[in-house]
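Report on the structure given below.
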Amino acid sequence: GAGVSQSPRYKVAKRGQDVALRCDPISGHVSLFWYQQALGQGPEFLTYFQNEAQLDKSGLPSDRFFAERPEGSVSTLKIQRTQQEDSAVYLCASSTGIAIGNTIYFGEGSWLTVV
Amino acid sequence: KNQVEQSPQSLIILEGKNCTLQCNYTVSPFSNLRWYKQDTGRGPVSLTIMTFSENTKSNGRYTATLDADTKQSSLHITASQLSDSASYICVVSAKGSTLGRLYFGRGTQLTVWP
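Chains A and B are the protein sequences, given in the same order. Count the first sequence with our numbering and you get residues 1 to 115, in order. Count the second sequence with our numbering and you get residues 1 to 114, in order.
Shown next as structure tokens:
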């Protein structure tokens, strides 16, 4: 597609429920990133993939968060046993590679509300 | 601690006027600095990318400056338009870090009034 596509755009989950957020990067982009943006804050890094390899997952806040990109294209961010503090916008971004000057393109985000 | 601080937190200007947004950072060692525009409910959109050796970069009515010695950057918007109303986020990355491990400021919320 023309841009980074994320789904669902909005998700309301009951506390304790598992959720899965999907990201379709720009075709051909080998680098994919997930960020968490709380209300009124800047995005915070969660994890990074180069093709199917998860090279950095140090930003994942707990072991309830899991991300995968099995075929090097679509990625899924899974949150198990959601808690209220997980409520945030989850942004996916992609880039053509890891060169310093590469533009990072962001999706519209998936807005998660845990009630 | 790697941090990015932006000021002002919010700004209201009249259409047609100019404005300057500030960014101070402590990210080290510095690699590059980006300015993003984020409309409400949308993902951030890249405006400029500057590396250590670049002092200024323009993108239409947006001009970014960088002083790597003082660790300061500014984003100047000329002849503002209503569509400039958005959050402007300063983003810094460190050398040797994962490309995607970007340090984001909280943004300056700009409102342009007619």
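All C-beta atoms in this analysis are idealised placements derived from N, C-alpha and C, irrespective of residue type, glycine included.
Extent of the continuous beta strand (DSSP E) run through residue i
i                : result
Leu33 of chain B : 30–38
Leu82 of chain B : Neither: Leu82 of chain B is in no beta strand (DSSP E) and is coded neither H nor E.
Asn24 of chain B : 19–25
Thr47 of chain A : 44–50
Proximity below 7 Å, CB of residue i to CB of residue j
i                 : j                : result
Tyr103 of chain B : Val45 of chain B : no
Gly60 of chain B  : Ser87 of chain B : no
Within chain A, the residues that residue i reaches when beta carbons sit closer than 8 Å
i                 : result
Thr47 of chain B  : According to the sequence provided, residue 47 of chain B is Leu. The question's Thr does not apply to it. Neighbours of Leu47 of chain B on chain A: none; closest Cβ ~10 Å, over 8 Å.
Arg106 of chain B : Gly40, Gln41, Gly42
Cross-chain neighbours of residue i in chain A, by beta carbon under 7 Å
i                : result
Leu75 of chain B : Result: empty, since nearest Cβ-Cβ is about 15 Å, beyond 7 Å.
Pro44 of chain B : Phe106
Coarse secondary structure for residue i, derived from DSSP in three states
i                 : result
Glu85 of chain A  : helix
Phe52 of chain B  : coil
Lys57 of chain B  : strand
Arg15 of chain A  : coil
Ser73 of chain A  : coil
His76 of chain B  : strand
Val112 of chain B : strand
Arg22 of chain A  : strand
Thr65 of chain B  : strand
Residue i versus residue j - alpha carbon distance
i                : j                : result
Thr65 of chain B : Lys57 of chain B : 7 Å
Phe33 of chain A : Thr70 of chain B : 30 Å
Gly96 of chain B : Pro43 of chain A : 20 Å
Asn18 of chain B : Leu11 of chain B : 12 Å
Leu21 of chain A : Thr76 of chain A : 5 Å
Phe65 of chain A : Gln80 of chain A : 7 Å
Val91 of chain B : Thr47 of chain A : 17 Å
Name, going along the chain, the residues of the segment 52–68 of chain A whose beta-carbon falls closer than 9 Å to a beta-carbon of chain E. Within the model displayed, chain E is absent; protein chains A and B are what it includes.
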